[in-house]
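Please read the structure below before turning to the comments.
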Amino acid sequence: GHMVTARQEPRLVLISIIYENNCLIFRAPDMDQLVLPSKQPSSNKLHNCRIFGLDIKGRDCGNEAAKWFTNFLKTEAYRLVQFETNMKGRTSRKLLPTLDQNFQVAYPDYCPLLIMTDASLVDLNTRMEKKMKMENFRPNIVVTGCDAFEEDTWDELLIGSVEVKKVMACPR
Numbered sequence: 008g009h010m011v012t013a014r015q016e017p018r019l020v021l022i023s024i025i026y027e028n029n030c031l032i033f034r035a036p037d038m039d040q041l042v043l044p045s046k047q048p049s050s051n052k053l054h055n056c057r058i059f060g061l062d063i064k065g066r067d068c069g070n071e072a073a074k075w076f077t078n079f080l081k082t083e084a085y086r087l088v089q090f091e092t093n094m095k096g097r098t099s100r101k102l103l104p105t106l107d108q109n110f111q112v113a114y115p116d117y118c119p120l121l122i123m124t125d126a127s128l129v130d131l132n133t134r135m136e137k138k139m140k141m142e143n144f145r146p147n148i149v150v151t152g153c154d155a156f157e158e159d160t161w162d163e164l165l166i167g168s169v170e171v172k173k174v175m176a177c178p179r
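Under our numbering, the first residue of the sequence shown is numbered 8, with each subsequent residue one higher.
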């Protein structure tokens with residue numbers, strides 16, 4: 008199957024996801040929440056997915072998830088898939104040949120994380136006629152307690168015991 012992004016289905020940006028008690032909780036306007044185990048059973052079907060012209064595998068998340076997304080998007084039938092650590096990702100050099108290092112990327116365009124500071128948004132809004140919200144940029148992680156645009160200088164970030172490396176600046 009072919010991947011769909013918010014470019015094709017803009018309502019996808021209205022979905023929020025929370026990780027709690029080994030479950031992923033999906034919430035969207037006018038929908039009951041969808042709760043899925045964070046790891047899908049190995050008995051669930053494996054799909055061959057086409058993402059930005061490259062092939063990658065995905066574990067089906069079941070009929071309940073498919074129905075939830077299809078009902079929310081109100082367009083065509085969709086299946087939700089999950090990338091597993093034993094699956095082979097796409098290589099970042101195929102996505103951005105100018106990168107110094109080669110990273111494995113699953114489903115995102117380029118990077119799985121977008122990190123932004125609240126101070127950057129505050130600074131930006133001092134120069135904007137129409138104020139922007141954090142949701143306009145859709146960061147995965149928002150950092151507080153630092154200067155505006157300090158995130159642009161970070162090459163590595165340690166979050167608990169997880170080291171995150173900067174791959175590129177996001178055009179958003």
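Even for Gly, the Cβ is constructed at its ideal location relative to N, Cα and C. None of the values given here were measured: they were computed from a predicted structure.
Determine the direct distance from the alpha carbon of residue j to that of residue i, and round the result to whole angstroms.
i	j	result
Glu71	Met38	13 Å
Thr82	Leu41	19 Å
Met175	Leu164	14 Å
Cys177	Phe76	27 Å
Val171	Cys68	27 Å
Asp62	Pro119	17 Å
Gly167	Thr133	33 Å
Ser49	Asn29	16 Å
Ile58	Gln15	13 Å
His54	Glu142	31 Å
In this structure, what does DSSP give as the bridge partners for residue i?
i	result
Met38	DSSP, once it has assigned bridges, lists no residue as partnering Met38.
Asn70	DSSP lists no partner for Asn70.
Pro48	Pro48 pairs with nothing; no bridge assigned.
Kindly indicate which residue of the options has the alpha-carbon position closest to the one of residue i.
i	options	result
Pro1	Ile22, Gly152, Ala35, Leu87	Residue coverage of the chain in this structure runs from 8 to 179, which leaves residue 1 outside it and unanswerable.
Ile24	Ile32, Pro17, Arg18	Ile32
Phe90	Met10, Lys74, Leu165, Thr133	Met10
Thr151	Val129, Arg34, Ser168	Val129
Asn51	Lys64, Lys138, Pro119	Lys64
Ala35	Arg18, Lys46, Ile148, Tyr26	Arg18
Thr92	Met135, Lys74, Arg66, Leu80	Arg66
(request) Count the CB pairs spanning the stretch 118-132 and the stretch 158-165 that are closer than 8 Å, and state whether there are at least three. (result) Contact between the stretch 118-132 and the stretch 158-165 is present, because at least three Cβ pairs lie under 8 Å.
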